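This report refers to the structure that appears directly beneath it.
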Amino acid sequence: MPDTRPITTATIESMATQFLGLTISPANAGATADMLNALSADMQALRALPLGDVEPATTFAAAEGQP
Amino acid sequence: MNMPLTSCSEITTAVHSQQRSARDIVDAALQRAEKFQDRFRAFTKITPDIARRQAARVDERIRNGERLPLAGVPFAVKDLFDLEGTPTTYGAKVFANRIAKSNATAVQKLIDAGGVCIGKLNLHECAFGFTGENPTFGNARNPWDPSRIAGGSSSGSAIAVALGICPVTLGSDTGGSIRQPSALCGVTGLKPTYGRVSRAGGLPLSWTMDHVGPLTRTAADAALVLKVLAGTDPADETSSRRAVPDYPAEISARIRGLRIGVMHRWFFEGLDPEVAAAVTAGLDKLLSLGARQVEVNLPLLEETLGAHRAIIFPEASAFHRPFLEKQAAEYADDIRPLLLSGLFMPAVNYLDALRARRIIRREWAKVFETIDVFLTPTTPVTATPFGATMAEVPGGPKPLVRAYLDLTLPFNLTGYPAIALPCGFSRSGLPIGMQLVGQPFTESVLLRTAHQYQQETDWHTRIPTVAK
Numbered sequence: 000m001p002d003t004r005p006i007t008t009a010t011i012e013s014m015a016t017q018f019l020g021l022t023i024s025p026a027n028a029g030a031t032a033d034m035l036n037a038l039s040a041d042m043q044a045l046r047a048l049p050l051g052d053v054e055p056a057t058t059f060a061a062a063e064g065q066p
Numbered sequence: 000m001n002m003p004l005t006s007c008s009e010i011t012t013a014v015h016s017q018q019r020s021a022r023d024i025v026d027a028a029l030q031r032a033e034k035f036q037d038r039f040r041a042f043t044k045i046t047p048d049i050a051r052r053q054a055a056r057v058d059e060r061i062r063n064g065e066r067l068p069l070a071g072v073p074f075a076v077k078d079l080f081d082l083e084g085t086p087t088t089y090g091a092k093v094f095a096n097r098i099a100k101s102n103a104t105a106v107q108k109l110i111d112a113g114g115v116c117i118g119k120l121n122l123h124e125c126a127f128g129f130t131g132e133n134p135t136f137g138n139a140r141n142p143w144d145p146s147r148i149a150g151g152s153s154s155g156s157a158i159a160v161a162l163g164i165c166p167v168t169l170g171s172d173t174g175g176s177i178r179q180p181s182a183l184c185g186v187t188g189l190k191p192t193y194g195r196v197s198r199a200g201g202l203p204l205s206w207t208m209d210h211v212g213p214l215t216r217t218a219a220d221a222a223l224v225l226k227v228l229a230g231t232d233p234a235d236e237t238s239s240r241r242a243v244p245d246y247p248a249e250i251s252a253r254i255r256g257l258r259i260g261v262m263h264r265w266f267f268e269g270l271d272p273e274v275a276a277a278v279t280a281g282l283d284k285l286l287s288l289g290a291r292q293v294e295v296n297l298p299l300l301e302e303t304l305g306a307h308r309a310i311i312f313p314e315a316s317a318f319h320r321p322f323l324e325k326q327a328a329e330y331a332d333d334i335r336p337l338l339l340s341g342l343f344m345p346a347v348n349y350l351d352a353l354r355a356r357r358i359i360r361r362e363w364a365k366v367f368e369t370i371d372v373f374l375t376p377t378t379p380v381t382a383t384p385f386g387a388t389m390a391e392v393p394g395g396p397k398p399l400v401r402a403y404l405d406l407t408l409p410f411n412l413t414g415y416p417a418i419a420l421p422c423g424f425s426r427s428g429l430p431i432g433m434q435l436v437g438q439p440f441t442e443s444v445l446l447r448t449a450h451q452y453q454q455e456t457d458w459h460t461r462i463p464t465v466a467k
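In the order they appear, the protein sequences are chains A and B.
Using numbering that gives the first Met the number 0, you'd call the opening residue of the first sequence number 0 and step up by one each time.
Using numbering that gives the first Met the number 0, you'd call the opening residue of the second sequence number 0 and step up by one each time.
This is the structure we're talking about:
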C-alpha cells in the first residue's frame, strides 16, 4: 500500500520557500495542500500504467519552424 | 432577416448583394449585445468603435468587388484572444491592464475574411473552470434560465450565440470549454484537432492541450468558419501544415454507411435520464439516416484523466508563476489554489503523463480505425444552479468537475476533434447536447454528420424566450 499521509500546509510552505523562492500565506498553503491531496487520488491509475521505454510527447524542435 | 437565427451565409449573401451593409448588420448585433449585457454578462467589453470601423472597411471592400467568405458577419471572441488596442483580461483582475498590441491569428483571419468583431466575451477566470462564475466581470448566466450556469470556460461565447447576438464566436477548449457551454446553452461548438487552428495570440491555459474553435448555431456555419480559421501559422509551431479541406463543400454528402462508435461504460453511465433519452434518440436519428452502430471500448480512460491533470496544472502554473509571485491575492478564490497547486506537482509526473499520452494515442488509434465517429453525451446533466458543487445523477451525487468534464477532457489529451450539438431539451426547458468525436483531422466527417442531423431535426433552431 502506498503511503497515504496527506500533504500538509507546512510541507507546502517550506517547499514554496526552498524550491520556488515564493512566500505563500498559510491560507493559500492550506488550500493548495487540500487541492494536491485531491489531485493525488486522481493520478493513481496513471502511476500504475507501465510506460516502458516510451518517450514523452514533447513538441520541442531544434530549429524554429522545423517541420 | 431574423437576427437570432440568421446564418453566416445569409449575412454574406445580403452584404455581397448590397441589400444590407455590414454597418447595418453590425449595428443590429451591437444593439442586441447591449440589450442583454446586464442580465446575462456575455461580454467583458463591447467594442462598438472597432466594430463600426471594421464594418466600414468591409463595405468598402465589397464596393470594390471583393468576395469575402464572412462578409459583414458579426463575431465576438473569448477574452483570452488578443484584439488590437483592447485589454486581453483573461477574465481576471490580474490581466486587466494587458493591452493587446496586435490581433490573435484566429481573430485576424476572421477579420480578413470580412468578419466584424463586436467585443470580448466573458469566461471563467483564466479559462480554468467550467461554470462561468466570474467575480470580476459578473457571473455569465444561462440564456435558458438565468438562475443557472452557462458553463465554461467559454461562457460568453455560448451565450452570445444562444441569444442571437452574433452567429459566430471564438472559444478555446482545454478540457471541454467549447463543448460543455455549447451543450448547456443549446448551440453548436467545435473543438478542432490540436494543431488545426493556430493558438497564437491567445493566452494559454495548457500549451499542449489548448484548442481554438468556433461556436455557432449550426454545423454549416461551423464549417464555413473553420475553413477560414484552419491552416498553418508560423507563430504557432504546433499548427499543422496539412491542407485545409473545403469543409462547407463536404457537409452535404449523405452519411449512409457511417460507422458510429458507442461505448456504454463511462460515457453512458450515470446520466440524467432525460439526457440519456435525448442522446439515444439522437443516435437513433443518425442510424435512421443510414449510419450503423458499432460497440467499442476506449481503453485507459482513468489514466487519461490522471494524465490530463498531471499536464494541465503544471502548464498553467508555469505560465502564471510570475503573476502568482506578486499578485496572488488578485486571483479569484476558486482559481488561486488551482494555479498554486501546479507549482508543487513533481516534474516526473508531468513527463510520465506525456509518455502516457503517447500510449493512449496509440491504443485509441486502433479503436478509431474501426469507426468514423464516436458518439457520446456532451454532459451527463443539464445546467446546474449557481453554487452547486455536486451533480445529481443515478448512482448518487457526483462532483461537478467530474460530471461536467469526464466526457469531454479525454479528447483534449489526445487532441482528437469533437463537436457538440443540441439534441433535445429537458422538461424544464434546458438544452441537452451530444458529442461527436473523430480521428485526427476528420473535421469534415464530424461536420457532415452534425449537418445531416441538423437537416433532420430542429433543436438547433430553438431560441430562449428572452431572445425572440
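All C-beta atoms in this analysis are idealised placements derived from N, C-alpha and C, irrespective of residue type, glycine included.
Computed from a predicted model, the values in this text were never measured in an experiment.
- For residue 8 of chain A, no Cβ of chain B is located within less than 9 Å of the residue's own Cβ.
- Spatial neighbours of residue 262 of chain B in its own chain (CB-CB distance under 8 Å, excluding positions within 5 residues in sequence) are listed in chain order as 294, 295, 296, 297, 373 and 375.
- The DSSP assignment places 154 to 161 as complete runs of the alpha helix (DSSP H) inside the stretch 145 to 173 of chain B, in order along the chain (cut-off: 4 residues).
- Here residue 22 of chain B really is in contact with residue 58 of chain B; their C-beta atoms are around 6 Å apart, less than 8 Å.
- In this structure, residue 273 of chain B keeps its C-beta atom at 9 Å or more from the C-beta atom of residue 146 of chain B.
- B/191 is the residue among B/191, B/153, B/43 and B/244 whose C-alpha sits nearest the C-alpha of residue 412 of chain B.
- Taking 8 Å as the Cβ-Cβ cut-off, the stretch 297 to 310 of chain B approaches chain A at 299, 301, 302, 304, 305, 306, 308 and 309, given in chain order.
- Along the stretch 323 to 336 of chain B, going in chain order, the ones with a CB nearer than 8 Å to a CB of chain A are 323, 324, 327, 335 and 336.
- The bridge partners DSSP lists for residue 213 of chain B are B/169.
- Between residue 197 of chain B and residue 77 of chain B, the beta carbon gap of about 15 Å keeps them out of contact (Cβ cut-off 8 Å).
- Secondary structure of residue 44 of chain B (DSSP, three-state): strand.
- Here residue 4 of chain B is actually not in contact with residue 188 of chain B; their C-beta atoms are around 17 Å apart, not less than 8 Å.
- Contact with chain B is found for residue 15 of chain A, since one of that chain's Cβ atoms lies less than 9 Å from the residue's Cβ.
- Cβ contact annotation for residue 68 of chain B (same chain, cutoff 8 Å, sequence separation greater than five): 11, 112, 113, 223, 226 and 227, in chain order.
- With contacts defined as CB atoms closer than 9 Å, residue 150 of chain B and residue 211 of chain B fail to qualify as a contacting pair.
- Listed along the chain, the chain B residues whose CB falls inside 7 Å of the CB of residue 55 of chain A are 350, 353 and 354.
- Taking the CA atoms as reference points, residue 83 of chain B sits about 14 Å from residue 202 of chain B.
- Contact annotation for residue 58 of chain A against chain B: 206, 207, 236 and 237 [CB-CB distance below 9 Å, chain order].
- Nearest CB-CB separation between residue 339 of chain B and chain A: below the 9 Å threshold.
- Annotated three-state conformation of residue 227 of chain B is helix, per DSSP.
- Distance between residue 307 of chain B and residue 14 of chain B, taken at the CA atoms: about 44 Å.
- Short of 8 Å from the beta carbon of residue 264 of chain B, and not among the five residues preceding or following it, lie these beta carbons of its own chain, in chain order: 296.
- Within the model, the alpha-carbon separation for residue 121 of chain B versus residue 239 of chain B is close to 29 Å.
- For residue 188 of chain B, the enclosing beta strand (DSSP E) stretches over residues 187 to 190.
- Minimum Cα-Cα distance from residue 28 of chain B among the listed residues B/283, B/248, B/459 and B/118 corresponds to B/118.
- Beta-bridge partners assigned by DSSP to residue 389 of chain B: B/398.
- Under the Cβ criterion (8 Å, minimum of three pairs), the stretch 363 to 372 of chain B counts as touching the stretch 430 to 449 of chain B.
- The shortest CA-to-CA distance from residue 455 of chain B to any of B/199, B/284, B/97 and B/405 is the one to B/284.
- Nearest C-alpha to residue 406 of chain B among B/110, B/175 and B/72: B/175.
- Straight through space, the alpha carbons of residue 281 of chain B and residue 185 of chain B are spaced by roughly 14 Å.
- Closest by C-alpha distance to residue 217 of chain B, out of B/230, B/253 and B/166, is B/166.
- Residue 430 of chain B is bridged by DSSP to B/424.
- Rounded to whole angstroms, the Cβ separation of residue 25 of chain B and residue 54 of chain B is 4 Å, and the two are in contact under 8 Å.
- Judged by DSSP secondary structure, residue 252 of chain B falls outside any beta strand (DSSP E); it is assigned neither H nor E.
- Counting only residues of its own chain and dropping the five nearest sequence neighbours on each side, residue 90 of chain B has a CB closer than 7 Å to the CB of 43, 78, 121, 122, 123, 124, 125, 133, 135 and 136.
- Comparing alpha carbon positions, the residue from B/338, B/312 and B/332 closest to residue 324 of chain B is B/338.
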